[in-house]
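Mapping of the sequence shown onto full-length UniProt numbering: position 39 corresponds to residue 39, and the numbering continues sequentially without gaps.
Since the structure comes first, as structure tokens, the remarks are kept for the end.
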Amino acid sequence: TITISSNHWMMAWAGLEINTLAIVPLISKSHHPRAIEAAIKYFLVQLAASTLLLFSSMINAWHTGQWDITQLSHPTSSLLL
């Protein structure tokens, strides 16, 4: 709910990271090699998505001075998202 209800890019990112920290142990709970592999893959994909989200929001903040989610007006940051 923190991700959905946030108006700030950093709060949305924090909500996604909290969700990741909650789901990775559930994925790897069975201690099977495939479960561990799935958890690592999930973590790496989420890491890449999180990096793009932060990079896009920082580009937007750099050019417009706005961290608000509704103020995504720079073309480069819109393209990255």
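Where a beta carbon is used, it is the ideal one built from N, C-alpha and C, also for glycine.
Check, Outcome
"Are S56 and E17 closer than 8 Å when you measure CB to CB?", "no"
"Hey, out of P33, H8, I40, whose CA is closest to L21's CA?", "I40"
"Should M10 and W67 be called a contact, given that it needs their Cβ atoms to be closer than 8 Å?", "yes"
"Compute the Euclidean distance between the alpha carbons of L79 and F43, then round it to the nearest angstrom.", "23 Å"
"So, for N19: in the same chain, excluding its five sequence neighbours on each side, which residues have a beta-carbon less than 8 Å away from its beta-carbon?", "T3"
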